[in-house]
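Visitor:
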Amino acid sequence: MVSSFAESVGFGLLNDVLGAFRSDDGYAFPNRYSIEISPPTGNLGGGNTGRNSLANVFQSFMPSGINPFGAGSSTGSLQDIQLRAESVTLPGRNLETIDDPNVYGPIRQPVNGVNFAEDITVTFQCSAELAERKFFENWQTTCYNTDTWNINYYNEYVGTMSIFLLDKNNTKRYGLKCWEVFPKTVGGAELTGAPAGDILKCTIGFNFRYWEAIDNERLGGKSSVFDNMANTVINAAERSIMRNIPKVFKL
């Protein structure tokens with residue numbers, strides 16, 4: 008009985024492990040990802056209609072006229088810009104600690120806070136009109152008044168950004184949503200006599216406050232391989248017990 012149960016559990020666990028590596032749960036690939044950028048919405052300064060208003064900043068790009076809220080311009084929409092993201096940094100998280108000298112022996116370091124210190128760096132492939140660079144340059148102008156140099160309110164220029172890791176079927180398997188995002192740095196682009204096939208790149212550094220998990224597993228979705236293995240053991244134990252119950256006691 009014991010050997011039969013062990014064999015049943017062993018084969019079941021082996022099947023779970025091999026199945027995980029053969030399925031989309033096997034490995035993550037760094038070249039399968041997508042980003043979703045949501046710029047700020049609303050008017051700056053409670054009704055500003057000048058060139059610092061969002062209507063002008065985001066809907067009246069010169070000369071391409073990109074509309075970030077939908078398609079219909081000469082170069083497309085914000086979705087086209089997102090699809091040109093060649094690389095993106097998946098942000099981390101740091102726990103701040105502080106020395107606690109009020110203990111005998113080695114000093115311990117309890118958590119004192121949490122921070123998301125590093126910026127998100129995204130490299131975009133540029134279109135002929137540098138529409139990607141113009142978009143983020145104009146987003147930056149919502150942070151201050153270009154006539155008086157006065158700084159605008161924080162909530163008037165921050166948006167959100169979501170970063171997803173995809174499987175081979177383009178299903179979102181891991182995701183982070185970054186809050187209070189704005190383009191802190193529009194990187195320079197070096198113009199050289201490079202071969203004609205090289206594409207000009209634009210690197211944007213985004214500042215953000217914090218991120219939240221938005222993938223299915225941590226939101227109560229798809230189970231992991233370890234969950235499947237635990238269920239295999241439980242099911243094998245139940246079958247073993249049921250086989251050894253006398254028929255007279257079975258309903």
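Each residue of the sequence shown is one higher than the one before, counting from 8 in our numbering.
By construction, the Cβ of each residue, glycine as well, lies at the ideal position given by its N, Cα and C atoms.
Every value quoted in this text rests on a predicted model; they were computed, and no experiment measured them.
Do you know offhand how far Gly53's Cα is from Lys175's?
Guide: Residue placement at Gly53 is flagged as unreliable, the pLDDT there being 42, under the threshold of 50; the coordinate-derived value follows with that caveat. Cα to Cα, Gly53 sits roughly 46 Å from Lys175.
Visitor: For the beta strand (DSSP E) containing Leu102, list its first residue and its last residue.
Guide: Counting along the chain, the beta strand (DSSP E) containing Leu102 begins and ends at Asn101 to Thr104.
Visitor: Compare the C-alpha of Gly204 against each of Val121, Asn214, Gln132 and Ser41 and name the closest.
Guide: Gln132
Visitor: Which full runs of the beta strand (DSSP E) of 3+ residues lie inside the region 137-197, going along the chain?
Guide: The qualifying runs are 166-173 and 179-193.
Visitor: Output the distance between the C-alpha atoms of Ser169 and Ile44, rounded to the nearest integer angstrom.
Guide: Rounded to whole angstroms, the separation of the alpha carbons of Ile44 and Ser169 is 7 Å.
Visitor: Is the beta carbon of Leu183 less than 8 Å from the beta carbon of Arg39?
Guide: no
Visitor: Work out the CA separation of Tyr34 and Asn152 for me, nearest whole Å.
Guide: Cα to Cα, the separation comes out at about 47 Å.
Visitor: Cα separation between Leu102 and Ala196?
Guide: 35 Å
Visitor: Does the separation of the CB atoms of Asp126 and Gly212 fall below 8 Å?
Guide: yes
Visitor: Look at Ile105 and Pro113 and say whether their C-beta atoms are less than 8 Å apart.
Guide: Going by beta carbons, Ile105 and Pro113 fall outside the 8 Å limit.
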